[in-house]
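A quick write-up on the structure given underneath.
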Amino acid sequence: MSELLKRTTPSPTNQLPIKIQVNCTVISARINSQLITGKKDHSWSVVFGPKKSQFQTQVSAEPTEPRWHDQATLKCHYTDTFQFKLKDKKQTVAKHETAIPNIPRVKTPITYQLSGKQGVIADLMVSCWVSGYIPPSQSQSSSRTSEVLTKLHTLPRKHPSLKRPCHLPADGWDPPPSPLLRTSGSLSNAHSESNIASRKRSGLIWDSGDKLDSPTPQTPLGYRGDSSSSLSSCPDRSSMSSLTESLRSQPAYTTPNRIPTPHVTAVYPRVLSLDRNTRVYVTGEHLCQTQDDILELKIGDISCTEYIESVSCSEIQLTIPALIYMPDHKGHLFLHTRQGTCEAKNIPISFQQGVTEIQYSRISVNSDLRDSPASSTDDLKVKSFPETVPSSHARYSMISDQLMPPEVTGLGPRQATLRGDVQITLRGNYLGISRDDVIRVGVAGVDCTHSLEYFSSYKIVVTCPAVPFPCSGPVVVETSSGGIGLSGMHFSFVDEDTLGTKEYLAGKSPNRPSVKKMSTHKEEQLIKLNQELQSSNSQLKVINKEHTDEIKRLQEYIDKLVARIMIQNPELLLADT
Numbered sequence: 000m001s002e003l004l005k006r007t008t009p010s011p012t013n014q015l016p017i018k019i020q021v022n023c024t025v026i027s028a029r030i031n032s033q034l035i036t037g038k039k040d041h042s043w044s045v046v047f048g049p050k051k052s053q054f055q056t057q058v059s060a061e062p063t064e065p066r067w068h069d070q071a072t073l074k075c076h077y078t079d080t081f082q083f084k085l086k087d088k089k090q091t092v093a094k095h096e097t098a099i100p101n102i103p104r105v106k107t108p109i110t111y112q113l114s115g116k117q118g119v120i121a122d123l124m125v126s127c128w129v130s131g132y133i134p135p136s137q138s139q140s141s142s143r144t145s146e147v148l149t150k151l152h153t154l155p156r157k158h159p160s161l162k163r164p165c166h167l168p169a170d171g172w173d174p175p176p177s178p179l180l181r182t183s184g185s186l187s188n189a190h191s192e193s194n195i196a197s198r199k200r201s202g203l204i205w206d207s208g209d210k211l212d213s214p215t216p217q218t219p220l221g222y223r224g225d226s227s228s229s230l231s232s233c234p235d236r237s238s239m240s241s242l243t244e245s246l247r248s249q250p251a252y253t254t255p256n257r258i259p260t261p262h263v264t265a266v267y268p269r270v271l272s273l274d275r276n277t278r279v280y281v282t283g284e285h286l287c288q289t290q291d292d293i294l295e296l297k298i299g300d301i302s303c304t305e306y307i308e309s310v311s312c313s314e315i316q317l318t319i320p321a322l323i324y325m326p327d328h329k330g331h332l333f334l335h336t337r338q339g340t341c342e343a344k345n346i347p348i349s350f351q352q353g354v355t356e357i358q359y360s361r362i363s364v365n366s367d368l369r370d371s372p373a374s375s376t377d378d379l380k381v382k383s384f385p386e387t388v389p390s391s392h393a394r395y396s397m398i399s400d401q402l403m404p405p406e407v408t409g410l411g412p413r414q415a416t417l418r419g420d421v422q423i424t425l426r427g428n429y430l431g432i433s434r435d436d437v438i439r440v441g442v443a444g445v446d447c448t449h450s451l452e453y454f455s456s457y458k459i460v461v462t463c464p465a466v467p468f469p470c471s472g473p474v475v476v477e478t479s480s481g482g483i484g485l486s487g488m489h490f491s492f493v494d495e496d497t498l499g500t501k502e503y504l505a506g507k508s509p510n511r512p513s514v515k516k517m518s519t520h521k522e523e524q525l526i527k528l529n530q531e532l533q534s535s536n537s538q539l540k541v542i543n544k545e546h547t548d549e550i551k552r553l554q555e556y557i558d559k560l561v562a563r564i565m566i567q568n569p570e571l572l573l574a575d576t
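Just so you know, we're using numbering that gives the first Met the number 0 here: the sequence shown kicks off at 0 and counts up by one.
Spelled out as structure tokens, the structure:
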């Protein structure tokens with residue numbers, strides 16, 4: 000039997016390519032429209048599929064993040080190349096090609112980078128997987144080969160220990176659990192419902208949702224069982240094992256199940272407190288599906304697997320308890336899942352102990368009013384936690400600022416000429432604990448960190464340099480304690496000629512500014528001053544409340560301290576008697 004199989008099994012060089020069905024759903028795209036010059040209005044669409052049979056999605060006019068949710072089931076060969084093209088109207092802007100073996104067999108979101116002439120244009124998110132196999136017809140193979148493979152396919156039913164067809168290797172037999180998804184509506188390049196159903200009844204399509212042991216007539220290449228096969232046609236156990244080993248050594252066209260490895264993009268916050276519970280958010284791509292997929296999660300030297308609360312493909316949430324016994328140290332995140340391992344060495348994380356020593360000097364205590372009316376002065380050194388005795392307003396500000404990303408609420412001025420050399424005042428919240436805490440300040444894509452002047456966590460000042468061409472964009476502030484924050488308002492670098500045409504009336508002397516423009520400019524300044532005044536008032540109220548709370552806690556501490564002294568020295572209560 001093994002010799003017969005070696006003579007009849009085709010070699011990889013002359014074996015016909017297997018036809019398969021690929022189900023693809025285009026979800027959304029994130030497009031860098033700045034690389035596409037000369038166009039203001041866009042009409043985005045995606046064309047996907049092999050070269051001979053492609054499907055085009057509907058048109059979306061969203062400028063940067065279009066969404067489609069269009070799906071199609073396409074027929075292609077194992078040796079084809081699957082293409083994804085991003086089109087703006089009728090012009091192909093970017094594309095990406097992948098081999099059919101690289102397409103997974105399970106339904107999972109995948110992000111492809113579409114490249115054009117200027118580089119990476121867009122990140123396309125699709126859900127693409129192999130949903131069915133269409134083996135060659137019996138007329139393309141010898142009758143003897145079909146007869147042998149049909150008899151071999153009856154072995155899994157006669158011997159329950161074999162859970163798969165014998166002619167497939169052990170690492171290649173993993174059919175997807177979901178059935179074929181049919182496309183709703185009319186698709187130009189997809190099979191219709193009736194056509195697919197008729198081809199399935201004739202045995203020309205193997206669907207991943209069908210059972211292997213369901214008898215169907217005219218089974219090609221042993222993909223389905225044959226109910227007419229008799230038990231006498233099966234070989235004995237010894238010949239069956241040798242035949243199975245020889246078949247395993249034969250290469251076969253299989254689609255590998257490649258699941259993307261996890262990738263961590265951010266950890267928030269980056270400074271963790273050791274004296275209280277800290278909630279940590281880990282964001283990234285392909286992190287895990289369920290909590291059981293996470294084998295190990297470490298931050299620095301601390302194993303945090305048991306502290307995980309909720310998981311998803313893009314975020315992991317965990318709460319690290321107080322670890323007062325551990326010293327201050329630094330490290331990075333290490334994630335080990337069933338899909339792979341990720342070590343975020345580019346994201347430093349530090350643990351800081353919240354215990355401080357507060358020196359209270361010259362506290363006057365009457366030791367004995369009867370014997371010594373004079374008061375004795377001693378030095379008292381108190382070790383306290385932030386929850387019990389606050390050391391200062393700066394400490395509370397540092398703890399709150401290090402846990403939040405920067406927020407830019409005020410920006411003045413909002414434009415400058417190309418020559419630069421203009422001081423820009425940034426106002427907001429959580430703008431850094433100190434000057435060293437601020438990593439980067441960018442204004443409309445221009446780095447201004449070198450000219451940073453730090454005043455407080457609510458105000459910083461930078462000086463913008465000269466730029467070669469006009470541009471506009473948000474303000475970006477990055478701190479080591481809080482992360483990255485973007486402003487909702489934009490800053491613009493404007494050409495002097497363009498600025499002149501906006502501020503002077505046409506046909507008048509350049510030395511005579513427009514009264515209307517001047518009044519408008521004054522109104523804008525008044526509005527800015529009013530906004531800054533409101534922001535300062537709100538910040539003053541917050542500081543006032545914090546000072547009031549601090550004074551209240553300090554009074555409570557003094558009352559507790561006096562009560563403790565009176566308990567330890569009861570003779571002080573009898574001083575008047």
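We treat Cβ as the ideally placed atom computed from N, Cα and C, and that holds for glycine.
Residue i: first and last residue of the uninterrupted beta strand (DSSP E) it sits in
i           : result
residue 87  : 80–87
residue 71  : 66–76
residue 22  : 18–30
residue 426 : 421–428
residue 351 : 340–351
residue 457 : Segment: none, residue 457 is in no beta strand (DSSP E) and carries neither H nor E.
residue 57  : No beta strand (DSSP E) holds residue 57; DSSP gives it neither H nor E.
residue 266 : 262–267
residue 491 : 482–493
residue 308 : 307–310
residue 433 : That residue, residue 433, is in no beta strand (DSSP E); it is neither H nor E in DSSP.
residue 411 : 406–411
Reduced DSSP category for residue i - H, G, I as helix; E, B as strand; rest coil
i           : result
residue 102 : coil
residue 282 : strand
residue 290 : helix
residue 325 : coil
residue 542 : helix
residue 62  : coil
residue 93  : strand
residue 474 : strand
residue 561 : helix
residue 438 : strand
residue 519 : helix
residue 107 : coil
residue 548 : helix
residue 41  : coil
residue 527 : helix
residue 114 : strand
residue 53  : coil
residue 313 : coil
Residue i and residue j closer than 7 Å at C-beta
i           : j           : result
residue 466 : residue 493 : no
residue 280 : residue 316 : yes
residue 343 : residue 332 : yes
residue 460 : residue 452 : yes
residue 28  : residue 65  : yes
residue 326 : residue 285 : no
residue 109 : residue 125 : yes
residue 52  : residue 73  : yes
residue 47  : residue 75  : no
residue 577 : residue 463 : With the chain running from 0 to 576 in the structure shown, residue 577 is simply not present.
residue 565 : residue 573 : no
Buried or exposed (CB count within 10 angstroms, at least 16 for buried), residue i
i           : result
residue 264 : exposed
residue 63  : exposed
residue 477 : buried
residue 428 : buried
residue 482 : buried
residue 569 : exposed
residue 454 : exposed
residue 456 : buried
residue 50  : exposed
residue 484 : buried
residue 289 : exposed
residue 84  : buried
residue 118 : exposed
residue 318 : exposed
Original post:
Are there three or more Cβ pairs, one per stretch, closer than 8 Å when the stretch 124–133 is compared with the stretch 19–34?
Top reply: These segments touch.
Original post:
Touch check for the stretch 50–60 and the stretch 94–110: three-plus C-beta pairs under 8 Å?
Top reply: No contact exists between the stretch 50–60 and the stretch 94–110.
**OP:** Check whether the stretch 447–456 touches the stretch 522–529, counting contact only when three or more Cβ pairs, one atom from each stretch, lie closer than 8 Å.
**Re:** Because the criterion of three Cβ pairs below 8 Å is not met, the stretch 447–456 and the stretch 522–529 do not touch.
Original post:
Touch check for the stretch 334–349 and the stretch 294–302: three-plus C-beta pairs under 8 Å?
Top reply: The answer is yes - the stretch 294–302 touches the stretch 334–349, with three or more Cβ pairs under 8 Å.
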